[in-house]
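Residue numbers (our numbering): 30 to 179. Every residue gets a Cβ at the ideal spot worked out from N, C-alpha and C, and that includes glycine. Here the structure is a predicted model, which is why all the values come from computation and not from measurement.
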């Protein structure tokens, strides 16, 4: 079952990445990616992997040591859970970057490589987006109250 869950992890996240990278202007992409629940399928897989081993996982994460984390991740169950953990957070970060980039008007051709980097090397993709977003400022909010011309 662990092997199946491992294989399923990226498979359930891939359609959301494909929408953000390949169909960024499609109206359904914005509707789908707007929901933070897109990470839920991966979170469920993570829970299926972690909860049965909770007694082993909790001590390793509550008081982490290099040896303890190595031992935890050095098993098939631990590696699959670590993978699901990474995929869930990478997707959440990619979603945030994609939504933020739309607000800022960052071109899709700039975002595609940033999102690919986020898929492959999560924190480096986040760093790349944090660098990219400095070039595009968020539009100023339009005043909705009465204007004084005085």
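Quick one: Cα of residue i to Cα of residue j, how far?
| i | j | result |
| --- | --- | --- |
| residue 106 | residue 93 | 18 Å |
| residue 61 | residue 149 | 22 Å |
| residue 111 | residue 102 | 7 Å |
| residue 145 | residue 167 | 23 Å |
| residue 156 | residue 83 | 32 Å |
| residue 137 | residue 119 | 18 Å |
| residue 133 | residue 163 | 10 Å |
| residue 75 | residue 143 | 25 Å |
| residue 69 | residue 100 | 27 Å |
| residue 38 | residue 131 | 27 Å |
| residue 87 | residue 55 | 42 Å |
| residue 41 | residue 165 | 31 Å |
| residue 32 | residue 98 | 20 Å |
| residue 53 | residue 96 | 42 Å |
| residue 89 | residue 108 | 14 Å |
| residue 85 | residue 135 | 44 Å |
| residue 159 | residue 51 | 21 Å |
| residue 113 | residue 104 | 14 Å |
If you drop the 5 nearest sequence neighbours on each side, which residues of the same chain put their C-beta closer than 7 Å to that of residue i?
| i | result |
| --- | --- |
| residue 115 | 151 |
| residue 179 | Bear in mind that the predicted position of residue 179 carries a pLDDT of just 47, short of 50, making it unreliable; the figure below should be weighed with that in mind. Same-chain partners within the cutoff: there are none. |
Ends of the alpha helix (DSSP H) at residue i?
| i | result |
| --- | --- |
| residue 124 | 105-133 |
| residue 149 | 137-149 |
| residue 99 | 95-102 |
Leaving out the 5 sequence neighbours to the left and right, which residues in its chain are closer than 6 Å to residue i when beta-carbon positions are compared?
| i | result |
| --- | --- |
| residue 72 | 117 |
| residue 67 | 45 |
| residue 43 | none |
Please go through the same chain and pick out, in chain order, the residues whose beta-carbon is closer than 8 Å to the beta-carbon of residue i, but skip the five residues on each side of it.
| i | result |
| --- | --- |
| residue 49 | 58, 62, 123, 124, 127, 140 and 144 |
| residue 80 | none |
Could you give the uninterrupted runs of the alpha helix (DSSP H) lying entirely in the region 41-91, keeping only those of 4 residues or more? 56-62, 69-79 and 83-91
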